[in-house]
Amino acid sequence: MKLDYSLDGNVENPHPCIKITVDDPTSIPPSGEPILLKLIPETQPISTQPLSIKIELVRDSEFFHRLLHELSHAAALHDTEKRRFLGNIHDLEGQLTVAASPHKSDLYVWREIFHLYVEAAIFKDMCDKQESCKRSQERLQWFTEELSRMNLANKLSSKRSRAALTMFLSINTQLVQFKQFQSLNQTAMTKILKKHDKRSGLSATSEFSTFAKNNAVFLEGILTSLFNAVQARIMTIVPQPDDYDCPVCYSIAWRPIRLQCGHVFCVRCLIKAHRKQLYDCPVCRMEFAVGNADAKNLDQSLQNFMLLYFPKEIKEKRKENEREQAALNKQKICTKRYNSTLYPSRPHITTATTQVAARDNNCVIM
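Following UniProt numbering, the numbering of the sequence shown begins with 1 at its first residue and continues without gaps.
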């Protein structure tokens with residue numbers, strides 16, 4: 001004989017019950033289980049076939065009706081706050097698109113703010129419970145203190161930018177509170193069910209979370225989707241230079257050469273690879289991806305994007321390229337003079353060196 005506790009019905013009309021399964025009803029002695037025998041309909045002959053009996057628990061049904069009613073109120077509040085949160089993200093997106101425009105002076109300040117925000121990793125552990133909420137609060141506090149220490153708020157020149165920063169901090173505070181709200185509701189629900197199980201001897205704790213899995217209080221993916229909305233709609237407004245670095249030199253990929261395999265490198269690293277006869281892609285090792293690259297592989301749209309959003313980084317990269325080109329030219333001149341002095345009677349060596357230098361001069365680092 002086996003007893004199982006289960007929740008039938010739906011969230012609007014739950015039916016908690018105990019299911020009794022008897023593998024062989026004939027094995028029940030008449031004097032041993034009189035109550036169980038009474039549950040078997042008189043019209044049903046006792047046979048060796050497995051018998052299943054369901055006993056509905058009226059008091060338990062009242063308990064779950066009240067519990068689900070309270071849970072529906074929490075879910076309604078949850079949905080209201082979610083809509084308000086997404087509305088705030090929409091408003092901030094509009095403000096920040098103007099405030100952090102590449103034509104505004106606040107672009108680089110916002111880049112520092114978002115770089116610090118990524119470093120803070122406020123919502124790194126979205127699947128944890130109470131400990132995660134505590135860590136998120138501490139990280140948000142650290143982020144706010146660092147903004148103050150670095151004086152980033154005062155570096156913002158426009159009122160629109162300062163208002164957008166205030167809204168950005170408010171949105172993150174809302175998300176931390178949202179996370180705490182869900183965690184507290186889940187904890188309270190677990191404690192109530194455990195107390196119920198202790199008093200009744202039943203196992204509602206494991207059954208109820210599955211039964212009410214579509215309720216907003218139990219949906220784990222909601223917080224992740226809200227955080228992803230911040231990442232996708234807010235953080236992408238101000239692109240970070242790290243996302244446009246050359247994978248070889250780790251500085252901005254100016255001028256961007258897109259190989260046939262799709263990987264992007266700066267022209268300086270491509271020229272160096274040609275000189276060293278390294279013709280395969282350094283990332284995916286596609287054969288002759290570097291060797292086949294020429295001026296046609298310049299990604300013009302990406303270059304225009306970089307000019308718009310990363311003028312300071314491009315200026316610094318150009319200076320580096322000029323210094324490296326000057327050092328290379330100086331080395332060629334010294335090599336030519338050295339060969340002329342060392343082999344005055346063997347002009348073919350000097351001529352060969354001059355031809356190599358002339359060929360390399362066609363590859364100027366821009």
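Cβ atoms here follow ideal geometry from the backbone N, Cα and C, with glycine treated the same way.
Exercise. Which residues bound the alpha helix (DSSP H) around C266?
Worked result: Element bounds for C266: not the alpha helix (DSSP H) but the beta strand (DSSP E), 264-266.
Problem set entry | Those runs of the alpha helix (DSSP H) which lie wholly inside the UniProt domain "RING-type" (246-285) and span at least 4 residues | 267-275
For this session: Report, in whole angstroms, the separation of the C-beta atoms of R139 and A121, which I expect to be a contact under 8 Å.
Result: 6 Å
Exercise. To the nearest whole angstrom, what separates the beta carbons of C249 and S183, a pair I think is in contact under 8 Å?
Worked result: Going by Cβ atoms, the distance from C249 to S183 rounds to 45 Å, so no, they are not a contact pair.
For this session: Quick one: grab the DSSP three-state call for K317.
Result: helix
For this session: Consult DSSP for K124 and reduce its assignment to one of helix, strand or coil.
Result: coil
Problem set entry | Residue interval of the alpha helix (DSSP H) (run including A5) | Before going further, note that residue 5 is Tyr rather than Ala in the sequence given. It is not in any alpha helix (DSSP H) - Y5 instead sits in the beta strand (DSSP E) that spans 2-9.
For this session: Please report how far the alpha carbon of G9 lies from the alpha carbon of S206, in whole angstroms.
Result: 16 Å
Exercise. Between P256 and the rest of its own chain, which residues show a CB-CB distance below 6 Å, the 5 nearest in sequence each way excluded?
Worked result: V264, D299, L302, Q303
For this session: Give the DSSP-derived three-state secondary structure of L156 in the structure shown.
Result: coil
Exercise. In the structure shown, what three-state DSSP assignment does residue 453 receive?
Worked result: For the chain, the structure presents residues 1 to 366; residue 453 sits outside this window and is missing.
Exercise. So what's H103 in DSSP terms, helix, strand or just coil?
Worked result: coil
Exercise. Which of the three DSSP states, helix, strand or coil, is assigned to P241?
Worked result: helix
Exercise. Quick one: Cα of I333 to Cα of R323, how far?
Worked result: 16 Å
Problem set entry | Exposure label - C17; buried when at least 16 CB within 10 Å | buried
Exercise. Rounded to a whole number of angstroms, what is the C-alpha to C-alpha distance between G56 and E62?
Worked result: Sequence inspection shows Glu at residue 56; the Gly mentioned does not correspond to that position. Taking the straight line from one Cα to the other gives about 12 Å.
Exercise. Under the three-state reduction of DSSP, which class applies to T43: helix, strand or coil?
Worked result: Annotation note: pLDDT 46 at T43 (below 50); position unreliable, no value reported.
Problem set entry | As assigned by DSSP and simplified to three states, the class of E56 | strand
For this session: Tell whether a beta-carbon distance below 7 Å holds between P102 and L308.
Result: yes
Exercise. Taking buried to mean at least 16 other C-beta atoms within 10 Å of its own C-beta, is D106 buried or exposed?
Worked result: buried
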